[in-house]
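The numbers in numbering that gives the first Met the number 0 rise by one with no breaks, and the one at position 15 of the sequence shown is 14.
C-beta: ideal position from N, C-alpha, C; glycine also.
The model shown is predicted, which means the values in this text are computed figures rather than measured ones.
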Amino acid sequence: MSIRIAAFALPRPRRLPLRQMYEVARQRRELAQLDDAILADLGLSRHDAQREAARPFWDLPGTPCA
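Next comes the structure, spelled out in structure tokens:
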């Protein structure tokens, strides 16, 4: 007797944007956690970091979003 489990898999072209959205959201969360000294080393202010972290996960860099 064997058990088959059907896995839902997105086609490759659709997986990449989802992976990018996840990665960008993770990076934005980490950016929001950095202290002011590290942000200053990066040339960012606390306001810049908070504004970037507040962007929605689907708002990917380099894509036109309104």
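- [ ] Drop a sphere of 10 angstroms on the beta-carbon of residue 53, count the other beta-carbons inside from all chains shown, and report buried for 16 or more, exposed for fewer.
- [x] Exposed is the call here.
Just to confirm the assignment, what range does the alpha helix (DSSP H) spanning residue 50 have?
For residue 50, the enclosing alpha helix (DSSP H) covers residues 45 to 52.
Fill in: Neighbourhood of residue 59 by C-beta, 7 Å cutoff - its chain only, sequence neighbours within 5 removed
Result list for residue 59: 19, 20, 23, in chain order.
inquiry  = Helix, strand or coil for residue 16? Go by DSSP, reduced to three states.
reply    = Reduced to three states, the DSSP call for residue 16 is helix.
Within 10 Å of its beta-carbon, does residue 48 have 16 or more other beta-carbons around it, so buried, or fewer, so exposed? Its Cβ being crowded by 16 or more others within 10 Å, residue 48 is buried.
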